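Using our numbering, read the sequence shown as starting at 1 and increasing by one per residue.
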Amino acid sequence: MRELLLAGTRKVKEVLLAEQMDPAEILDDIIDLAHDLKVPVREISKRRLDAESRTEASQGVVAHAAPLRDHGLDDLATGAPGGPAPFLVAVDGVTDPGNLGAIIRTAECAGVTGLLLPRHRAVHITPTVTKAAAGAVEHVPMALVGGLPTAIADLNARGVWVVGLDAGGDRSLHQMGVADQPVCLVLGAEGEGLSRLVRQRCDEIVGIPLLGSLSSLNVATAAALAIYEVVRSRADVSGRGGV
């Protein structure tokens, strides 16, 4: 909620608070921000607030806001003028909202410049995803694409190197040659991995070395490792040191 108000990327129509909430500093911050932005604040009963909320636990605060902007594939693949080379993340078949939220949170912290979400076979931005992302959805540009294989082909045509992350990768994650070039990491669903067409369209497939007894990582954990491997590689090339 606080990040929604701070980011200023979409219009907030009103903020609803549950009546008789215990005092809290974060709550005071939200109220002050809403007043500064001239956003109406209303107190309603907890029962009404829960009915307004689309998550299991509203935590006593709900906002009515405009939808997130769809930035489009063109904008994400091009990047900002004078900015860093595009660093994109795409999800293939990730259906758990908690995992997607965690991926978005990591992406924002690591400076990912855009996220690609397929219209089908993947969870979209829901209140549960937003909550798990801890405000990161307000800062990471996103594009909803009709089909991920087609989107990957478009990225290839624009000079974006597409790396699929899969347990059956040809090379180790640490051997990615991404450095400072435009790159898109593609993350597959837990268990199923990357779909056949997506795998075929990727420029390379890499895997994470697993040295223990288990055969896989949670997709959000795997995403964090892969994303920060790109960050480390870029930092080494730019002379800023590793992560």
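Every residue gets a Cβ at the ideal spot worked out from N, C-alpha and C, and that includes glycine.
All values derive from a computational prediction rather than experimental measurement.
* Asked: Around the Cβ of glutamate 192, are there at least 16 other Cβ atoms within 10 angstroms (buried) or fewer (exposed)?
  -> exposed
* Is the Cβ-Cβ distance between valine 137 and leucine 117 less than 9 Å? -> no
* Asked: Just the Cα atoms here: how many angstroms apart are valine 39 and methionine 21?
  -> 20 Å
* **Given alanine 223 as reference, the closest of Pro182, Ile30, Glu108 and Gly146 once Cα atoms are compared** => Glu108
* Asked: proline 84 and valine 160 look like a contact to me (Cβ under 8 Å); what is the Cβ gap, rounded to whole Å?
  -> Not really, about 13 Å apart at Cβ, beyond 8 Å.
* Check each candidate in Gly60, Asp36, Leu33 and Leu37 and name the one with the smallest Cα separation from lysine 46. => Gly60
* **Length of the line joining the Cα atoms of glycine 8 and histidine 71** => 16 Å
* Coarse secondary structure for aspartate 22, derived from DSSP in three states -> coil
* Contained alpha helix (DSSP H) runs [length at least 4] in the stretch 186-238, N- to C-terminal order -> 196-201 and 219-238
* **Nonlocal neighbours in the same chain, by C-beta distance under 6 Å from alanine 220, ignoring five residues either side** => Asn99, Ala102 and Ile103
* alanine 66 in three-state terms, based on DSSP -> coil
* Which whole-angstrom value describes the C-beta separation of leucine 187 and valine 94, a residue pair presumed to lie in contact below a C-beta threshold of 8 Å? -> 6 Å
* **glycine 169, buried or exposed, once every other Cβ within 10 Å from all chains shown has been counted against 16** => buried
* To do: Output the residue ranges of the alpha helix (DSSP H) runs that lie fully inside the stretch 95-162 and measure 4 residues or longer, sorted by chain position.
  => 97-110, 127-132 and 148-157
* Distance CB(valine 129)-CB(valine 163) smaller than 9 Å -> no
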